[in-house]
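Chemist:
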Amino acid sequence: MALKKISEPLADKEKVWPVLKRLFHDYMKAHIFTIIIALICMIAAAGTTAVFAKLLQPIFDDVLINSKKGHIIPIALAAFFCISLRGLTTYAHVVLMNNVGQNIIAKIQNDLFTHLINADINFYQKNPTGTLITRMVSDATVARIAMSDSITGIIKSLITLLFLIIVMVMQDWKLSIYALVIFPVAVFMVALVGKRIRQISTRTQAGLSDLSDKLMQIFQGIKQVKMNNRERFEIERMAGTVDYMCKLYRKVVRTNTLTTPINDGLVGIILFALITYGGFSVLNDTLSPGGLVSFIAAFLLAYEPIKKISNLYAVFNMGLGAADRIFEVLDTKPTVENTNIDKKLNEEVASLSFKNVSFTYHDNKEPSLDDISFEAKPGQTIAFVGPSGSGKSTIVNLVPRFFDPVSGSICINNKNIKEFSIKSLREHISYVPQDAVIFDESVSYNIGYGKTGATQEEIEMAAKDAFAHDFINDLSEGYDTKLGENGSKLSGGQKQRIAIARALIKDAPIFLLDEATSALDNESEEYIQQSIEKIGKQKICLVVAHRLSTIKNADHIIVIDRGRITEQGKHDELIARKGLYNSLYNLSSNTSITG
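With our numbering, letter number 548 in the sequence shown gets 614, and the count goes up by one each step, no holes.
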């Protein structure tokens, strides 16, 4: 399943509450005790802000106007206590919620990675790597901000606002009615801006994902970039992408700050009315000077949480969109179902058979394989030959259940491989792809990756069997040498021999080689063939043929064309038939057949 584009926004009302509920249930509920403690600290911090506004009344009325000296120390102590308590409680709730946030992002990333690492090959073929990295890194961080920083910030601001409104009402409830006119307008602006921010943020995340995809393509194809003198082209293309991202970020800032001049203008108008009305109230002795100062202070302090809510609401909406995209990944179902996770393949592998197997890739109309049948037994090497795109590699990909056939069955010992857990099945298969996968780790790590707990002695033995031992010893740190990203420190042939050593150390009864000797020089390829022939005496070997020697030495050769078996037999038999195999042989170079 292809993930939806990041540019597709979160459905406004229908999706918000389900996403929020899932966020709370899956990630926040486990930290509810810490969140409650943080909430208590928020209430205390918010309360001190309101108390400080209320303290302005006795400062003006009792101390400055009525000169009550006995009130100075108590008021000063109360102010000191309020400020100190606010500092402590703010520190406490920030630290507590930061801990919650970090735990949340760790769980999100662990859940995402667990799901991604268990996703089937079809998922990776449909979704660019850069997009998946964006979900794993950027979206997880944004979602964490929404759950910890934004939600708690909004709650604290609302509590502060409530306490300050109480102070305002205590001073003059009529004056409070005039002052509260601003709040519905501010709420409307928050909602309006929040919706717009959500739309822009989805486009921003889409831009980040595209940027990641482009960077990965450029870095992976850096030789092609340089060989074709495309540096300037890529610089200009990247500049266009970066400029687009800058415009989006500027638009976010402009939209997010749009409420400031509007609300500030409204505050100015209301403040004018408050001072005018309040001033006359003081002159008419219906409101004390301290009460007016306290009221105006509470009003101005109340405006700050409103602005903060506006900003946090925008971030909150971005986080909801990110969380929705994360859940989309977590909700993807595998196309290859592992229904028998407890069923192990414990018996000795006596046969591997394809029975009328057909397969079609999702994006293709024509079948990649059509009614394929054959049987292989231990000690047999079966080679698959055919034009490029004929379906040879598809056969190899079906055995470890990277994909499942659309019809027919693949059996081990006449039992459908679907009856066994995928893990157990793959424990019985060694696989060498055409493009060797090399990790940026040591040689020992790369070879030992094929067998959990492999000893150094086993690693070196596998390297010797793959004729890699000599060149490994010539590396700067021998088996401890780090090989660089995708084996950048090795030649193509060296990488392939490392991959073959990894397959050999696994010592599985079924051996799959997908044109695995294509990158080897003739001498190395000959050594490898000797090793494969030795292994093939006890194992089932399926080889997608590239080199002539691979084909000539195989026990059985199957010729595939447009997904169907057109010929099969031994090398000499197929040459004598003057069919497709003979044509491929005549067109091939001295040592290879079209792959």
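Beta carbons: idealized from backbone N, C-alpha and C, even for Gly.
Could you check the C-alpha separation between F346 and L340 for me, to the nearest Å?
Modeler: If I take the Cα positions, the gap works out to 10 Å.
Chemist: Provide the residue(s) that pair with K605 in DSSP beta bridges, ordered along the chain.
Modeler: DSSP output for K605 lists no bridge partner at all.
Chemist: When you compare each of E403, A449 and G357 to W239 by their alpha carbons, which one comes out closest?
Modeler: Answer by Cα proximity: G357.
Chemist: Closest to K120 by CA distance: which of E524, G635, I301 and F229 is it?
Modeler: Looking at the Cα atoms, F229 is the closest of the given residues.
Chemist: How would you label K644, buried or exposed, when you count the other beta carbons within 10 angstroms and need 16 or more for buried?
Modeler: By the neighbour-count rule (16 or more Cβ atoms within 10 Å), K644 is not buried but exposed.
Chemist: Helix, strand or coil, according to DSSP, for P75 in the structure here?
Modeler: Low per-residue confidence applies at P75: pLDDT is 46, beneath 50, and the placement is therefore not dependable, though the value from the model is reported in the following sentence. Residue state, collapsed to three classes: coil.
Chemist: Grouping DSSP H, G and I as helix and E and B as strand, with all else coil, what is R630?
Modeler: The answer is strand: DSSP assigns R630 an E or B state.
Chemist: Would the beta-carbon of T571 fall within 7 Å of that of A528?
Modeler: It should be pointed out that residue 571 corresponds to Ile in this sequence rather than to Thr. Taking 7 Å as the Cβ cut-off, I571 and A528 qualify as a contacting pair.
Chemist: Taking all protein chains shown into account, decide if K484 is buried (16 or more other Cβ within 10 angstroms of its Cβ) or exposed.
Modeler: Buried: at least 16 other Cβ atoms inside 10 Å.
Chemist: Looking only at its own chain, which residues have a Cβ that is under 8 Å from the Cβ of S434, when we skip the five neighbours before and after it?
Modeler: Excluding positions up to five away in sequence, the list reads F425, T426, Y427, G457, T460 and G629.
Chemist: Going straight from the alpha carbon of P549 to that of D531, what length do you get?
Modeler: Reading off the sequence shown, one finds Leu at residue 549, where the question assumed Pro. Approximately 20 Å, taken between the alpha carbons.
Chemist: Could you tell me if H91 is buried or exposed, where buried requires 16 or more neighbouring beta carbons within 10 angstroms of its beta carbon?
Modeler: Exposed is the call here.
Chemist: Please classify D408 as buried or exposed, where buried requires at least 16 neighbouring CB atoms within 10 angstroms.
Modeler: By the 10 Å Cβ count, D408 comes out exposed.
Chemist: So L640 and I623 are supposed to be a Cβ contact under 8 Å. How far apart are they, rounded?
Modeler: About 6 Å; that satisfies the 8 Å criterion.
Chemist: Using only CA atoms, which one of Y310, K95, S204 and I504 lies nearest to T547?
Modeler: It is I504.
Chemist: Note down the Cα distance separating P124 from V160, rounded to an integer number of angstroms.
Modeler: Approximately 32 Å between the Cα atoms of the pair.
Chemist: Between S419, F450 and G452, which lies nearest to S439 when the distance is taken from Cα to Cα?
Modeler: It is S419 whose Cα lies nearest to the Cα of S439.
Chemist: Which term fits N656, buried or exposed, when burial requires 16 or more other beta carbons within 10 angstroms of its beta carbon?
Modeler: Summary for N656: the model assigns pLDDT 47, below 50, so the residue's position carries little reliability, and this model does not support an answer.
Chemist: Compute the distance between the beta-carbons of R568 and G602, then report whether it is under 7 Å.
Modeler: Contact: no.
Chemist: Run the CB neighbour count on V333, radius 10 Å, all protein chains shown included, and call it buried at 16 or more, exposed below.
Modeler: The residue in question, V333, is buried, as its Cβ has 16 or more Cβ neighbours within 10 Å.
Chemist: For K605, tell me which candidate among D573, K636 and R152 has the shortest Cα-Cα distance.
Modeler: Considering only alpha carbons, the answer is D573.
Chemist: Rounded to whole angstroms, what's the CA-CA distance from N193 to A305? Just pull it up for me.
Modeler: Their Cα atoms are separated by approximately 24 Å.
Chemist: Under the three-state reduction of DSSP, which class applies to D536: helix, strand or coil?
Modeler: Helix at D536.
Chemist: So what does DSSP say about I571, is it helix, strand or coil?
Modeler: The answer is helix: DSSP assigns I571 an H, G or I state.
Chemist: If you compare alpha carbons, which of Q560, N412 and I375 is closest to T226?
Modeler: Nearest option by C-alpha distance: I375.
Chemist: Between A206 and Q175, which are expected to be in contact by the criterion C-beta below 8 Å, what is the C-beta distance as a whole number of angstroms?
Modeler: Correct: roughly 5 Å between the Cβ atoms.
Chemist: Report the rounded CA-to-CA distance for I243 versus L337, giving the unit in angstroms.
Modeler: For I243 and L337, the distance between alpha carbons rounds to 13 Å.
Chemist: Taking the runs of the alpha helix (DSSP H) that are 4 residues or longer, which of them lie wholly in the region 302 to 387?
Modeler: Fully enclosed alpha helix (DSSP H) runs of 4 or longer: 325 to 349.
Chemist: Skipping 5 residues on each side, what residues in its chain have a beta carbon closer than 6 Å to that of A158?
Modeler: Closer than 6 Å at Cβ, skipping near neighbours: C107.
Chemist: At what residues does the alpha helix (DSSP H) containing S510 begin and finish?
Modeler: V509 to G514 is the span of the alpha helix (DSSP H), which, as asked, contains S510.
Chemist: Does E297 come out as helix, strand or coil in the three-state DSSP assignment?
Modeler: Helix at E297.
Chemist: Rounding to the nearest angstrom, what Cα-Cα distance links R262 and I231 in this structure?
Modeler: Straight-line Cα distance between these residues: approximately 29 Å.
Chemist: I'd like to know whether the C-beta of T460 is nearer than 7 Å to at least one C-beta of chain D.
Modeler: In the structure shown, chain D does not exist; there is a single protein chain.
Chemist: Grouping DSSP H, G and I as helix and E and B as strand, with all else coil, what is I659?
Modeler: Only weak support is given to the placement of I659: the predicted model assigns it a pLDDT of 44, under 50, and the value that follows is read from those uncertain coordinates. I659: coil per DSSP, three-state reduction.
Chemist: Please state whether DSSP places V465 in a helix, a strand or coil.
Modeler: Coil.
Chemist: Quick one: Cα of I138 to Cα of L122, how far?
Modeler: Cα to Cα, I138 sits roughly 12 Å from L122.
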